[in-house]
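*Asks:*
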Amino acid sequence: MSTLEEFTIEQSDRVLCVAAHPDDLEYGVSAAVAKWVEQGVDVTYLLLTTGEAGIQDKSPEETGPLRAQEQKRACAKVGVDDLRILDFSDGVLEYSTELRKKIVEVIRDVKPTVLVLTEWALEVPWGLNHADHRVAGLAAVDAVRDAGNKWLFTDLTDENGAQLDYWQVSTLLVSGSDRPTHQIEITGAPIEKGIESLREHRVYLENLGDHPDPSDLLRGMTELETDADEEQRYALAVRRFDL
39 MSTLEEFTIE QSDRVLCVAA HPDDLEYGVS AAVAKWVEQG VDVTYLLLTT GEAGIQDKSP
99 EETGPLRAQE QKRACAKVGV DDLRILDFSD GVLEYSTELR KKIVEVIRDV KPTVLVLTEW
159 ALEVPWGLNH ADHRVAGLAA VDAVRDAGNK WLFTDLTDEN GAQLDYWQVS TLLVSGSDRP
219 THQIEITGAP IEKGIESLRE HRVYLENLGD HPDPSDLLRG MTELETDADE EQRYALAVRR
279 FDL
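Structure (structure tokens):
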């Protein structure tokens, strides 16, 4: 990967990462998160499903809690304390006003300045995108706009019953885009922590059968072009939208 403009974040920023399933954020995003957390940035993960349909030889009733626990351990590897998992159905996630509203609720509660999500296009650099990923990305994009509209979802309240005020996200980052505009360098501790966070999805990855070693996969996805005599560097490529 050639070098892109570096995306920089401030300690005062707050980040919300939205994805469909446990493990989705561990393919690069978690390494960037590890870097941000080390810089003192607050990060929240929002998963729309528990991934309960993701293991063929285990029932959804067994798989959902198992994958949620694996995600908690993955979060711990990169320093994320705030993990929220919704109960939409894995594998058949549908774009709906209800889904957008649930995402809006979290946006207005967390008040992120930066929202990170994964690419929602049908065709992605690694092949054809999962249906749930497409729905999750598009719903999250639309929820960002909804969250900043004071006339939408006015019935949303916090845990104390107070109305959740509208909130405008400043920056949207899309991981997995084939048209990246920026990079987040993750050389050193961030990529090591990102690799360990992916390894925490042990049962899920074992059941895939042919999943590459997390270290080989993430390094291959994120390695930067360097001279032969230079230390290998790594970066997560993202597409940035200023809102």
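Here the numbering used here is used: the first residue of the sequence shown is 39, the next is one more, and so on.
Glycine included, each C-beta is placed from N, C-alpha and C at the ideal position.
None of the values given here were measured: they were computed from a predicted structure.
DSSP on H168, reduced to helix/strand/coil?
*Replies:* coil
*Asks:* Near L262, what residues of its chain come up, given a Cβ to Cβ distance below 7 Å and the 5 sequence neighbours on each side ignored?
*Replies:* Closer than 7 Å at the Cβ level, and outside the excluded window around L262, lie M39, T41, R271, Y272, A273.
*Asks:* Apply the 10 Å Cβ neighbour rule to T264 and answer buried if 16 or more other Cβ atoms are within range, or exposed otherwise.
*Replies:* exposed
*Asks:* Helix or strand or just coil, what does DSSP make of L124?
*Replies:* DSSP, read as helix, strand or coil, puts L124 in coil.
*Asks:* Within 10 angstroms of the Cβ of T46, are there 16 or more other Cβ atoms? Answer buried if so, exposed if not.
*Replies:* exposed
*Asks:* Is the separation between the beta-carbon of L131 and that of T101 shorter than 8 Å?
*Replies:* no
*Asks:* Measuring alpha carbon to alpha carbon, tell me which of E43, S235, A266 ends up nearest R111.
*Replies:* S235
*Asks:* Going by DSSP, what residue range makes up the beta strand (DSSP E) through E223?
*Replies:* 220–223
*Asks:* State the start and end residues of the unbroken beta strand (DSSP E) segment that holds V116.
*Replies:* V116 -> not in any beta strand (DSSP E); alpha helix (DSSP H) instead, spanning 98–116.
*Asks:* Any idea if W189 is buried or exposed, counting beta-carbon neighbours within 10 angstroms, 16 or more meaning buried?
*Replies:* exposed
*Asks:* Taking Cβ to Cβ, would you say A106 is nearer than 8 Å to G232?
*Replies:* no
*Asks:* Hey, could you find the ends of the alpha helix (DSSP H) A72 is sitting in?
*Replies:* Per DSSP, the continuous alpha helix (DSSP H) segment holding A72 begins and ends at 67–76.
*Asks:* Rounded to a whole number of angstroms, what is the C-alpha to C-alpha distance between L255 and E44?
*Replies:* 22 Å
*Asks:* Go through its chain and collect everything with a Cβ distance to D180's Cβ below 7 Å, but skip five positions before and after it.
*Replies:* R138
*Asks:* I'd like to know if the region 191–202 and the region 170–179 are in contact, where contact means that at least 3 CB-CB pairs between them fall below 8 Å.
*Replies:* Judged by Cβ distances under 8 Å, the region 191–202 makes no contact with the region 170–179, as fewer than three pairs qualify.
*Asks:* CB-CB under 6 Å to D80, same chain, minus the five flanking residues each way: which ones, in chain order?
*Replies:* R52
*Asks:* Taking the beta carbon of A70 as the centre, do at least 16 other beta carbons fall within 10 Å, making it buried, or is it exposed?
*Replies:* buried
*Asks:* Nearest CA to the CA of I123: which residue from Q49, N187, P60, A275?
*Replies:* Of the residues Q49, N187, P60, A275, the one whose Cα lies closest to the Cα of I123 is P60.
*Asks:* Using a Cβ-Cβ cut-off of 7 Å (strictly less than) and excluding sequence neighbours within five positions of G175, which residues of its own chain qualify?
*Replies:* L155, T156, E157, W158
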